[in-house]
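Engineer: Numbering (the working numbering), first residue to last: 8 to 430. Ideal Cβ placement from N, Cα and C applies to all residues, glycine included.
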Amino acid sequence: MLQVHVIRENKLQTIQALQKKNFPQAEQVVEQVLGLDQQRKETQAQLDQHLAESNALAKSIGALMKEGKKEEAEKQKSRTAELKTLAKDLGDSLSQLEEQLQKLLYTIPNTPHSSVPVGKSAEDNEVVTQWGTVPSLPENAQAHWDLIKQYDIIDFDLGVKISGAGFPVYKGKGARLQRALINFFLDEAQKAGYYEVQPPIVVNEASGYATGQLPDKEGQMYHATADDLYLIPTAEVPITNIYRDVILTEKDLPIKNVGYTPCFRREAGSWGAHVRGLNRLHQFDKVEIVQIQQPEKSYAALEEMSSYVQGLLQKLELPYRVLRLCGGDMGFTSALTYDMEVYSAAQQRWLEVSSVSNFETYQANRLKLRMKSEDKKTQLLHTLNGSALALPRIVAALLENNQREDGIFLPKVLHPYLGFEKI
RNA sequence: GGAGAGGUGGGUGAGUGGCUGAAACCAACAGUUUGCUAAACUGUCGUACGGGUUAUUCUGUACCGGGGGUUCGAAUCCCCCCCUCUCCGCCA
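(1) Where does residue 201 sit, in a helix, a strand or coil, going by DSSP?
(2) Once the 5 residues before and after residue 379 are set aside, which same chain residues still bring their CB inside 7 Å of it?
(3) For the structure I just gave you, are there three or more beta carbon pairs, one from the stretch 281-296 and one from the stretch 217-227, closer than 8 Å?
(4) What did DSSP end up calling residue 85 once you bin it into helix, strand or coil?
(5) Apart from the five residues just before and just after residue 138, which ones in its own chain have a Cβ nearer than 6 Å to its Cβ?
(6) Cα-Cα, which of 244, 273, 252 and 272 is closest to residue 264?
(7) Are the CB atoms of residue 306 and residue 273 nearer to each other than 8 Å?
(8) Is the stretch 152-167 in contact with the stretch 175-186, if contact means three or more CB pairs nearer than 8 Å?
(9) Just the C-alpha distance for residue 422 and residue 406, rounded to the nearest angstrom, thanks.
(10) Please confirm whether residue 160 and residue 430 have their CB atoms less than 8 Å apart.
(11) Are residue 51 and residue 112 touching if we call contact CB-CB under 8 Å?
(12) Tell me residue 262's beta-bridge partners as DSSP assigns them.
(13) If you reduce the DSSP assignment to three classes, tell me which class residue 291 lands in.
(14) For residue 235 and residue 242, I'd like the C-alpha separation in whole angstroms.
(15) Can you grab the Cα-Cα spacing for the pair residue 347 / residue 362, in whole Å?
(16) Is it buried or exposed for residue 335, if we count other Cβ within 10 angstroms and need 16 for buried?
(17) Starting from residue 162, follow its DSSP beta bridges and name the residues at the other end.
(18) Which two residues bound the contiguous beta strand (DSSP E) that contains residue 128?
(19) Can you give the Cα-Cα distance for residue 93 and residue 86, rounded to whole angstroms?
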């Protein structure tokens, strides 16, 4: 979440930035935050004064008792009772104010970076680069939801029987392709300097809050209520939370982690056209990269992550484009996001396969992830993450773009992982 | 699921009502010594929110798992909750 002192010191910029993100009533909310903070400060100052007096009295009473001056001690006791009541009231309003402020701050999204284009929807995103050539497919080219049936490699009906819609069963070469992609992505990340971790795929409430899924996306996560645990929507959550309540030193940085996990999303209310087949699932596999960086280096890191993801797509020989998301299309917690989309020739549309974001201090502030610098000051760090990559749409594009009369020919780079070349 | 033990600063760990924001040791950092390394010695060494000065320094409050209570005063006593560990049971 945003830091109050930053809002206070950059009030106008904050309001404008929030407006760019299409946050309604930015000005009123900012005013409300500053007002609450002001009240909070005043209340605390008063409370502190009362407590200071109480503490002083307690000491002097103790001293008087030791000296046997009981009467004087009793006199002072009456004042402490008074102070106690006052302090109780002040303490109550202080915690109320703090709670209100906290709740309000949770509703405010991150402010976008200056390079973020103004806009309301996906239409307004800016194409940064485009790579590769769109393959020309035969006339009878099929979409992946037909191909998977023809080759019997992914079975949605079976998934419905076992779990429900959006939980496909991968079979034979389909299952093998999943495993190959995961291993390929993990190996590549390791070569690029990422440290592999395998985190839990359920998380507690505190973790959900720290990376911003809660309370913003409460209804989008599967919630195991008996134990109050959430199924992760992305490995970002457990991996970033490794660094919750941590103070790092300069030499620990940068931190570059990679992890593979299944991801679970309820996708409540988002089903409809364009989400057939692998385009949208409740459970899917993803390899995620996470970086923790010093503030002045985070944007260089974002570019590095973007090039890294593009490198993967090039190795997979998939035509792609990179978008800089506009203010209205960005995630709640992000300051700058690049989306990578691959072109699916059979569906004749772009499919998002990765999203690489810099969160600046937004997550770090919730995580309490800080760095102690040489001058002994602690400051919040920047967190970044990106998919590298999410499997389903990669699979969709691989199947669709590489279909020929005599089978589906997978890219060379996967052959050693697959143990076969075509489906 | 049953029984027991325990949660203190980066770590180990002392601390049963005021002298404890917290011993000691380890780690870390800085310096001295040393041909280098090591060792030794000296010093520094929690976080948050405020106030005064802003270079440093000074200062108030809170925090010993969380919340509540007793008391003039709580890490320490009482209550509730959460979590962790060990043993047994069950199971991969």
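Structural biologist: Taking the definition as stated:
(1) Judged by DSSP in its simplified three-state form, residue 201 adopts coil rather than helix or strand.
(2) 254, 256 and 385
(3) no
(4) DSSP places residue 85 in helix when its eight states are reduced to three.
(5) 327
(6) 244
(7) Their beta carbons are not under 8 Å apart, which means residue 306 does not touch residue 273 by this criterion.
(8) yes
(9) 15 Å
(10) yes
(11) no
(12) 299
(13) strand
(14) 18 Å
(15) Taking the CA atoms as reference points, residue 347 sits about 6 Å from residue 362.
(16) buried
(17) 176
(18) That residue, residue 128, is in no beta strand (DSSP E); it is neither H nor E in DSSP.
(19) 11 Å
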